[in-house]
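Worksheet: one structure, shown below.
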Amino acid sequence: MPACCIVPPYILQSIALKGDKRQQAAAWATLTDSEQFRGGRRILTVLAPLASTATGTKRRTIYDARHGYALPGRLVRAERDPKSKDVAVNEAYDGSGATYDFFYRSFGRSSIDGRGFRLDSTVHYGVNYDNAFWNGRQMVYGDGDGEIFRRFTVALDVIGHELTHGLTQYEANLNYRDQPGALNESFSDVFGSLVKQFKRRQFSRDADWLIGEGLFLPGVQARGIRSMKEPGTAYDDPLLGKDPQPGHMRDYVRTIDDNGGVHINSGIPNRAFYQLATRLGGYAWEKAGRIWYLALCDKLRANSTFADAMNMTVRAAGELFGINSKEQKAAREAWAEVGL
Amino acid sequence: MMRVLFERTGGFAGIKLSASFDSESLPPRQARRLEKLLEDCRFFRLPVRLEEAAPSPDRFLYKLTVESRNCVHTVHAGEGAVPAEMRPLLEWLTAAARRR
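Sequences listed follow chains A and B, in order. In case it helps, the working numbering puts the first sequence at residues 1 to 340. In case it helps, the working numbering puts the second sequence at residues 341 to 440.
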């Protein structure tokens, strides 16, 4: 958007603070999109007060990229606006709302930064775009390719997954490579799945523990993209190949693809979480989720490995439920189950 | 003569997409289109690494090698660092690789 070169940043900042809803959105978008404000976390921290409101305020903004690549695109729905005729817009709005509600009600956390950071989503990104991602500031969703993948807003756990990438950026800020990257991915799957379970009020034993169920078009031999319960079994299809995820350290995949297999080896910590949640029973977000949340927010660091995740979740379980409590023992057993 | 090796990894699903194309075995119209797209983005002048400062979650990673009569060039590109003039080439290769 060329306005970034014409309107000085201090004016945009003023609009972002004082303008009406739409002006604020446009100013914020311009500020965060201009080259001088690139650089992720540091800048987000500087600008955070502009996007934050009082604790407990849910603010969502949905944009339409109209099949282009410019972000965020055209503003199409803001908080409390009526429903759109566009189903992807409503799914992104409702899904980011469900994710906000999950983190607020389960952990008392207001948005990804804990300070009401506005949740921006762009739909209809790119051409036949079969992906969703977090770009450091917002969520972005493609419409799928019309052959294998449907639109990515269709699955609530995908929305929860992307938003959790934002949260991780503000907390452990795990490097997106090798084991720290696989942990980053796994935390997104864990909380993405919990958003879905929370919305459905499902006990851990009744959940499907699939990521991206409903994302595939009919005819594709797939239950989902990943299985946290049985990594490696989500799909087996002539076109897609077979799900390559390991569920145990002995099958850890060494590769240079995918930033060191971050979407592959995440199967190992995913299964550890499933093991803990089903050992503890009840709602997975009440105990297992709290343990994982505490480790992500207060214990893990950018270069943490699987072994660190084991140690820190076991420690978190001790802090929350007591040393040698059944919860802490279950955490040890869960990691042992995956070879750690 | 031109050979193109295309590989896409990463993405939310982490499913690899790859294909190779040979201008001599492609239908002439498609071969001309591919050559035009390579010229449009000045492929042989692109840097070997087009990467973001830090990899972004769930974005695609591309590896593209082109061999012509007298040169070979490989570009590794992180999706967030792809220049606009390279987008049509990647869209074409992605669609063609899916059809294989």
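Ideal Cβ placement from N, Cα and C applies to all residues, glycine included. In this text, all values refer to a predicted model and were calculated from it rather than measured experimentally.
query	result
What is the rounded straight-line gap between the Cα of Leu280/A and the Cα of Tyr293/A?	16 Å
Arg427/B touches chain A at which residues, Cβ-Cβ below 9 Å?	Tyr69, Gly126 and Val127
Check whether the Cβ of Ala330/A lies closer than 8 Å to any Cβ atom in chain B.	no
Which residues mark the beginning and the end of the beta strand (DSSP E) in which Val415/B is found?	Val412 to Gly418
For Gly418/B, tell me which candidate among Val412/B, Cys411/B and Arg427/B has the shortest Cα-Cα distance.	Arg427/B
Consider the Cβ of Val158/A: report whether some Cβ of chain B lies at a distance smaller than 8 Å.	yes
Taking Cβ-Cβ distances below 8 Å as the criterion, which residues of the region 377 to 407 of chain B are in contact with chain A?	Ala393, Ala394, Pro395, Ser396, Pro397, Asp398, Arg399, Phe400 and Leu401
Give me the DSSP bridge partner(s) of Ile62/A.	Arg77/A and Ser121/A
In chain order, what residues of the same chain have a beta carbon less than 6 Å from the beta carbon of Gly289/A, not counting five sequence neighbours either side?	Leu194
Can the beta-carbon of Gly224/A be found closer than 8 Å to that of Gly212/A?	yes
Alpha carbon to alpha carbon, what distance is there between Gly95/A and Asp64/A?	16 Å
Using CA coordinates, which residue listed in Lys376/B, Leu374/B, Pro395/B and Ala421/B is at the minimum distance from Pro387/B?	Ala421/B
Any heavy atom of the ligand SAH closer than 7 Å to the CB of Pro428/B?	In the structure shown, the ligand SAH is absent, as is every other ligand, since no ligand is present at all.
Taking the straight line between their C-alpha atoms, what separation do you get for Ser360/B and Thr349/B?	15 Å
Excluding the five sequence neighbours on either side, which residues of its own chain have a C-beta within less than 8 Å of the C-beta of Trp432/B, listed in chain order?	Arg373, Leu374 and Leu377
Give the residues of chain B in contact with Phe133/A, contact being defined as C-beta atoms less than 9 Å apart.	Gly351, Phe352, Ser396, Pro397, Asp398, Arg399, Phe400, Glu419 and Gly420
According to DSSP, what are the bridge partners of Leu345/B?	Ser360/B and Thr405/B
Should Ser358/B go down as buried or exposed, given a rule of 16 or more other Cβ atoms within 10 Å for buried?	exposed
Whole angstroms is fine: what's the gap from Gly318/A's alpha carbon to Ala70/A's?	47 Å
Under three-state DSSP, which class holds Tyr235/A?	strand
Rounded to whole angstroms, what's the CA-CA distance from Phe187/A to Leu174/A? Just pull it up for me.	10 Å
Since Leu240/A meets chain B, which of its residues come closer than 7 Å, beta carbon to beta carbon?	Ile355
Counting only C-beta atoms, is Asn303/A closer than 8 Å to chain B at any point?	no
Give me the Cα-Cα distance between Leu163/A and Asp257/A, rounded to the nearest whole angstrom.	24 Å
Which stretch, first to last residue, makes up the beta strand (DSSP E) that contains Tyr141/A?	Met139 to Tyr141
In the DSSP assignment, what are the bridge partners of Ser227/A?	Leu210/A
Just mark Gly142/A as buried or exposed, buried being the case when its beta carbon has 16 or more other beta carbons within 10 Å.	buried
Could you compute how far the alpha carbon of Val158/A sits from the alpha carbon of Glu185/A?	12 Å
Ala424/B to Thr434/B, Cα distance in whole Å?	16 Å
Check distances from the C-beta atoms of the region 135 to 147 of chain A to those of chain B and list, in chain order, the residues that come in under 8 Å.	Asn135, Gly136, Asp145 and Glu147
Is the beta carbon of Leu217/A less than 8 Å from the beta carbon of Phe149/A?	yes
Give me the residue from Met312/A, Arg59/A, Phe102/A and Gly267/A with the minimum Cα distance to Asp343/A.	There is no way to answer for residue 343/A, as the model of chain A reaches only from 1 to 340.
Starting from Phe321/A and walking both ways along the alpha helix (DSSP H), at which residues does that stretch end?	Phe306 to Phe321
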